[in-house]
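Using the UniProt record's numbering, the final residue of the sequence shown is 380, and nothing's skipped along the way.
Every residue gets a Cβ at the ideal spot worked out from N, C-alpha and C, and that includes glycine.
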Amino acid sequence: MTLLIDDIGELLTNDGPPLTGAAVIVDGDRIGWIGPAGQAPAADRRIGVDGAAVLPGFVDSHAHLVFAGDRAAEFAARMAGEPYTGGGIRTTVAATRAASDDELRAKARKLVAEARRQGTTTIEIKSGYGLSVDDEARSLRIARELTGETTFLGAHVVPAGVDPDAYVDLVRGPMLAACAPYAKWVDVFVERGAFDGEQAREILVAGAKLGLGLRVHANQLTEGPGVRLAVELGAASADHCTHLSDSDVDALAGSGTVATLLPGAEFSTRSPYPDARRLLDAGVTVALATDCNPGSSYTSSMAFCIALAVREMGMTPTEAVRAATAGGARALRRDDVGVLRAGARADLIVLDAPSHLHLAYRPGVPLIRAVLQDGPSNHP
Ligand code: NIG
Ligand code: FE
């Protein structure tokens, strides 16, 4: 079954400059052909999009969607002047442990659907609100029902009343063994009050031995060893990157580690934003993601993150859209999403606007007219 999409105002492929007068043929779950509309091969069906912009679906490479409850009161207190410390993670852990599988599944599904309506066609989902062998494993089992991009984050914080060294041993031993079958990635929150560089190294190295790829929550609240560790261990992504030294930037620039920026977190914690311009000017690959979670960033909107990145982080509108698509794909080491080219997955967005620039130019406006996504094999 083939589908011709034409009457496209602007086609952003991420494979070169935006195209005008182009058409796309979707063949099953893949892009079959892209070229000048007048030369399009015959297709079974045709959709004209009336001069709309078409671009790759968003790749949200950082989200925490398996949890129960919310922390609206904590948010309100922050907006009244309380600082964000990450201490609220334990509130969500208690609610998550008390929830049934069905409750967790229903809530995560709803968030994936919410993200998808807003143009997200690939999403990463972390565990990290279970913090016991059984609760982490069930979080990842549920996440696996929703995406192939699952991340074990048993090292989110040390649970209340548990000895930190004993917890690190649990995470890198039995918890990792129980979770690895459902996880593609392993992540550690490297921060004062969470895990230090040596603890993180032990956990990440143990994950790599079981075949998991590496990601790190790095330099969110303070400058620390997270970014350098991510680069040293060849992690796919260092996430947050809010407090960086010059040597952190240099390390990222010479590496295959993507800097994933999460401006929803700075918005929702009333904190200074990361400096995307500094990273881009140094040659670092930048991704944008939502960090969707009930504590520091309860948004599933990639368009909102794009608008923040442009207004607050020194990115151009085009750089921000690229970071939310191709950048996210790099952060997940995927070359079949975040780009529109023959052979890539047929994941694309039709905007209610003539150009991708409108995503930042018209903040808060629901501009996603349609989301096309390939077959059931690639969730969400
Ligand atoms: O990425 N920083 C650590 N983890 C999450 C926040 C989790 C929470 O506050 O519940 C983050 O921002
Ligand atoms: Fe996070």
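Point to revise | the segment 174–189 / the segment 200–217 touching (three or more Cβ pairs under 8 Å) | key: yes
* To do: Locate the beta strand (DSSP E) running through His-358, then write down its first and last residues.
  => Where His-358 is concerned, there is no enclosing beta strand (DSSP E), although the alpha helix (DSSP H) it sits in stretches over 358–361.
**Asked** Just how far apart, CA to CA, sit Ala-253 and Met-1?
**Response** 43 Å
(request) May I have the straight-line CA-CA distance separating Ala-155 from Leu-170, to the nearest angstrom? (result) 10 Å
Q | Any non-hydrogen atom of ligand 2 within 7 Å of Asp-239 CB | A | yes
6 Å CB neighbourhood of His-379 in its chain, flanking five on each side removed: Residue placement at His-379 is flagged as unreliable, the pLDDT there being 36, under the threshold of 50; a coordinate-derived value is accordingly withheld.
Thr-122 vs Val-337 beta-carbon contact at 8 Å
yes
Given this structure, state the Cα-to-Cα distance separating Ala-115 from Ser-301, to the nearest angstrom.
6 Å
Between which two residues does the alpha helix (DSSP H) holding Thr-318 run? 317–322
Return the chain-ordered list of same chain residues with a C-beta closer than 7 Å to the C-beta of Glu-202, the five sequence neighbours on each side being excluded. Val-168, Arg-172
Inspect the beta-carbon positions of Lys-107 and Glu-149 and report whether they are closer than 8 Å. no
| query | What three-state label does DSSP hand Thr-260 in the structure shown? | reply | strand
### Task
Report yes if the C-beta of Ile-125 is less than 7 Å from at least one heavy atom of ligand 1; otherwise report no.
no
Could you pull the start and end residues of the alpha helix (DSSP H) that Gly-207 belongs to? 197–209
| message | Taking the alpha-carbon of Pro-164 as reference, which of Thr-242, Ala-200, Glu-232, Gly-48 has the nearest alpha-carbon? | response | Ala-200
Q.
Measuring only the C-alpha atoms, how far is Gly-211 from Ala-63?
A. 21 Å
Q.
Using the three-state DSSP reduction, which class does Pro-376 fall into: helix, strand or coil?
A. Caution applies to Pro-376, whose pLDDT of 32 falls short of 50 and renders its modelled position unreliable; the value that the coordinates give is listed next. Correct three-state label for Pro-376: coil.
Note to self: Bridge partners for Leu-104 per DSSP, in chain order?
What the structure shows: Leu-104 pairs with nothing; no bridge assigned.
Cβ of His-217 versus every heavy atom of ligand 1: is any distance shorter than 7 Å? yes
Notebook entry, point to check: DSSP on Leu-367, reduced to helix/strand/coil?
Noted result: coil
Mind the definition here: the segment 292–299 touches the segment 256–273 only if three or more C-beta pairs lie below 8 Å; say whether that holds. yes
ask   = Can you tell me the Cα-Cα spacing of Ile-306 and Ala-324, whole angstroms?
value = 7 Å
With DSSP as the reference, identify every bridge partner of Ser-297, one or two as the case may be.
Asn-293
| Do Asp-60 and ligand 2 come close, with the Cβ less than 7 Å from some heavy atom? | no
*Go ahead and pull the three-state DSSP assignment for Arg-330.*
helix
(request) Leaving aside the five residues before and after Asp-70 along the sequence, list all residues of the same chain whose C-beta is less than 8 Å from its C-beta, in chain order. (result) Pro-294, Tyr-298
Worksheet item: What first and last residue would you give for the alpha helix (DSSP H) that runs through Phe-152?
Response: Premise fails: Phe-152 lies in the beta strand (DSSP E), 149–155, not in any alpha helix (DSSP H).
**OP:** Would you mind working out which of Val-321, Val-190, Leu-351 sits nearest Val-339, comparing C-alpha positions?
**Re:** Val-321
- Query: Can the beta-carbon of Leu-367 be found less than 8 Å from the beta-carbon of Leu-351?
  - Reply: yes
On the three-state DSSP scale, how would you describe Arg-97?
-> helix
Identify the continuous beta strand (DSSP E) that holds Leu-170 and give its terminal residues.
-> First-last for Leu-170: 164–170, but that is the alpha helix (DSSP H), not the beta strand (DSSP E).
Item checked: Three-state secondary structure (DSSP) of Glu-124 -> strand
- Query: How big is the Cα-Cα spacing for Pro-376 and Asp-27?
  - Reply: Only weak support is given to the placement of Pro-376: the predicted model assigns it a pLDDT of 32, under 50, and the value that follows is read from those uncertain coordinates. If you take the alpha carbons of Pro-376 and Asp-27, they lie about 15 Å apart.
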